[in-house]
Amino acid sequence: WALSDIHTDKHENKAWIEALHPDKYKHDVLILAGDIANTFDEVSATLQQLRRKFWRLFFCVGNHDLWVRKKDQEDSVQKLRRIFQLCKDLDIDTSPSEICMDSHRVIIAPL
Numbered sequence: 002w003a004l005s006d007i008h009t010d011k012h013e014n015k016a017w018i019e020a021l022h023p024d025k026y027k028h029d030v031l032i033l034a035g036d037i038a039n040t041f042d043e044v045s046a047t048l049q050q051l052r053r054k055f056w057r058l059f060f061c062v063g064n065h066d067l068w069v070r071k072k073d074q075e076d077s078v079q080k081l082r083r084i085f086q087l088c089k090d091l092d093i094d095t096s097p098s099e100i101c102m103d104s105h106r107v108i109i110a111p112l
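Start counting at 1 in the sequence shown, then tack on 1, and there's your number in my numbering.
Listed below in structure tokens is the structure:
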């Protein structure tokens, strides 16, 4: 599966993600190609939710994921580092990795 621009800071998009079956995709891979949300908390909540639903999750950070506001008291690079640490903690791939299923092998490179 592949998704991008899910913008879960919008209620209807978040509801769609929440409605995904909790077990139906347990043997599937999701490539998430950026633009989850503008805030770190919403990016974190969405990644945690999707990680529970998919066997493997690949994530490429988008521009909306790195947006910061003055009240955030961090810059986009600091936010990027926090997102990468979150992905590491959740076992979400942010660098090239090989997927092996049966006799098939694929390398996914989230750039």
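Beta carbons: idealized from backbone N, C-alpha and C, even for Gly. These figures come from a predicted structure and were not determined experimentally.
Close beta carbons around residue i, own chain, < 7 angstroms, minus the five adjacent residues each side
{"i": "Asp10", "result": "Ala38, Asn39, Thr40, Glu43"}
{"i": "Val69", "result": "Glu75, Asp76, Ser77, Lys80"}
{"i": "Phe55", "result": "Tyr26, Asp29, Val30, Leu31"}
Alpha helix (DSSP H) segment containing residue i, residue limits
{"i": "Arg82", "result": "77-91"}
{"i": "Leu48", "result": "41-54"}
{"i": "Trp17", "result": "12-20"}
Cβ neighbours of residue i in the same chain (closer than 8 angstroms, five flanking residues each side left out)
{"i": "Arg52", "result": "Leu58, Leu91, Asp92, Ile93"}
{"i": "Thr47", "result": "Ile7, Thr9, Lys15, Ile18, Ile37, Ala38"}
Where residue i sits in the DSSP three-state scheme
{"i": "Ser98", "result": "strand"}
{"i": "Ala110", "result": "coil"}
{"i": "Ala3", "result": "strand"}
{"i": "Leu58", "result": "strand"}
{"i": "His65", "result": "helix"}
Buried or exposed (CB count within 10 angstroms, at least 16 for buried), residue i
{"i": "Ile7", "result": "buried"}
{"i": "Pro111", "result": "buried"}
{"i": "Cys101", "result": "exposed"}
{"i": "Val107", "result": "exposed"}
{"i": "Asp66", "result": "buried"}
Residue span of the beta strand (DSSP E) that contains residue i, given as start and end
{"i": "Ile32", "result": "30-33"}
Contact set for residue i: own chain, Cβ-Cβ below 6 angstroms, skip 5 residues either direction
{"i": "Asn14", "result": "Ile7, His8"}
{"i": "Ser45", "result": "Leu87"}
Residue i at chain D interface by Cβ criterion, 7 angstroms
{"i": "Asp103", "result": "This model lacks chain D altogether, as it is built from one protein chain only."}
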